[in-house]
Amino acid sequence: MTQIVARKNPVAFKTQAIAVTASPEVLRYEPVGSPLSFDQMQQLRKPLQLEDPHQFQTTLANLGVSVDIRLHWQQRDFRLLVRQDRPDHGDQVLKLLSGYVPSHELRVPLLTVMTEIAEELLIEGSAGWLQGRYQDTWLPEPYADSLIRDEERHFTLTTRSGNARPLLCRELNLLERPRAYVHLPTSSLQLVYRMELTLPEDIESPSLLHADEFLDQDSGELIARMDHQRPELFLAEYRDAEPTGELYHLQRGELVAQPAAGLLLSEAFAPQQGWLVAAANCPLQQGLARD
Numbered sequence: 121m122t123q124i125v126a127r128k129n130p131v132a133f134k135t136q137a138i139a140v141t142a143s144p145e146v147l148r149y150e151p152v153g154s155p156l157s158f159d160q161m162q163q164l165r166k167p168l169q170l171e172d173p174h175q176f177q178t179t180l181a182n183l184g185v186s187v188d189i190r191l192h193w194q195q196r197d198f199r200l201l202v203r204q205d206r207p208d209h210g211d212q213v214l215k216l217l218s219g220y221v222p223s224h225e226l227r228v229p230l231l232t233v234m235t236e237i238a239e240e241l242l243i244e245g246s247a248g249w250l251q252g253r254y255q256d257t258w259l260p261e262p263y264a265d266s267l268i269r270d271e272e273r274h275f276t277l278t279t280r281s282g283n284a285r286p287l288l289c290r291e292l293n294l295l296e297r298p299r300a301y302v303h304l305p306t307s308s309l310q311l312v313y314r315m316e317l318t319l320p321e322d323i324e325s326p327s328l329l330h331a332d333e334f335l336d337q338d339s340g341e342l343i344a345r346m347d348h349q350r351p352e353l354f355l356a357e358y359r360d361a362e363p364t365g366e367l368y369h370l371q372r373g374e375l376v377a378q379p380a381a382g383l384l385l386s387e388a389f390a391p392q393q394g395w396l397v398a399a400a401n402c403p404l405q406q407g408l409a410r411d
């Protein structure tokens, strides 16, 4: 059953186009032009062609972020994925938690990552819902008015080894060295952060769920909702660092096997040449095998 966890007036989203200069060693970006609404940004997300995947200068529609989260639980290893229907692409994919970076966070996109995790990843134990902590910083609590928090426990996020090549916003090195790629079909720059999720050792009957937002046309409100029967957050299992091809939901402490037929992975898992990704999606098993 679907549970609404938040209602709010939609905040006017503003971002900017991104000027990118790339060489084989480093990628640098900076915001350019006037602020763009969400619709204006979408109009700029048109297929792009670049001849040299290692060295180029171009202007892209937007900056996006994703977070590649791994979980070690009960002596087993998993990767967190979210299911998304994409009518505009004509497919259904498993993807990383992700979002668009607004103008005021273009120079510190890690802040957008923290917000996306807090809004999309919901972890429930028998004593309530867990707040998250990244290093020394508490994540926001967007659903504090709707969900009862476990006052004694929290989940933690730590950084996994970052990308070897430096990424800069103007002259500032980005924290945590995310992987970067230019997605040619959407003319966007995408940053992928790598993190490890740790659940408290004494949590009982944990469930992992995904919350999504939609705009209610009748009320004009932005509504966040989740569904215990359709968690939409998947755990892809790894054994000896290799994907097993098995998918699960974690529901009340039990791993519930899920069918993988017909599912693809988003472009974040597709082959990358230099700084460029040309595919819109990729096969499940092949994509999971790429680290």
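Remember, my numbering sits 120 above the position in the sequence shown when you count from 1. In this text, a Cβ means the ideal position worked out from N, Cα and C, and glycines have one as well.
Which one of the options has the shortest CA to CA distance from residue i?
i           : options               : result
residue 358 : 130, 230, 200 and 151 : 200
residue 295 : 138, 224 and 229      : 229
residue 274 : 303, 323, 399 and 173 : 323
residue 330 : 166, 257, 237 and 307 : 237
residue 286 : 300, 325 and 204      : 300
residue 402 : 215, 153, 319 and 207 : 215
residue 123 : 336, 266 and 400      : 266
How many angstroms separate the CA atom of residue i from the CA atom of residue j?
i           : j           : result
residue 348 : residue 263 : 16 Å
residue 377 : residue 332 : 22 Å
residue 396 : residue 367 : 28 Å
residue 180 : residue 169 : 11 Å
residue 290 : residue 141 : 10 Å
residue 132 : residue 224 : 13 Å
residue 328 : residue 243 : 5 Å
residue 389 : residue 334 : 26 Å
residue 341 : residue 128 : 6 Å
residue 241 : residue 374 : 18 Å
residue 282 : residue 150 : 21 Å
residue 261 : residue 292 : 29 Å
residue 346 : residue 171 : 43 Å
residue 177 : residue 138 : 11 Å
residue 364 : residue 380 : 12 Å
residue 207 : residue 227 : 31 Å
residue 271 : residue 258 : 13 Å
residue 202 : residue 218 : 9 Å
Over the uninterrupted beta strand (DSSP E) stretch that includes residue i, give me the two end residues.
i           : result
residue 323 : It is not in any beta strand (DSSP E) - residue 323 carries neither H nor E in the DSSP assignment.
residue 179 : 176 to 180
residue 211 : 211 to 215
residue 389 : Neither: residue 389 is in no beta strand (DSSP E) and is coded neither H nor E.
residue 274 : 269 to 279
residue 128 : 122 to 128
residue 251 : 248 to 254
Mind checking which residues open and close the alpha helix (DSSP H) that includes residue i?
i           : result
residue 404 : 404 to 408
residue 238 : 230 to 240
residue 159 : 158 to 164
Q. Does the stretch 206 to 213 touch the stretch 370 to 386, meaning 3 or more C-beta pairs lie closer than 8 Å?
A. yes
(Q) Pairs of beta-carbons, one from the stretch 351 to 370 and one from the stretch 143 to 154, closer than 8 Å: are there three or more? (A) Touching, no, given that fewer than three Cβ pairs across the two stretches are closer than 8 Å.
Q | Stretch pair the stretch 156 to 169 + the stretch 237 to 249: three plus CB contacts closer than 8 Å | A | no
Q. Which runs of the beta strand (DSSP E), 3 residues or longer, sit entirely within the stretch 282 to 309?
A. 287 to 289 and 299 to 303
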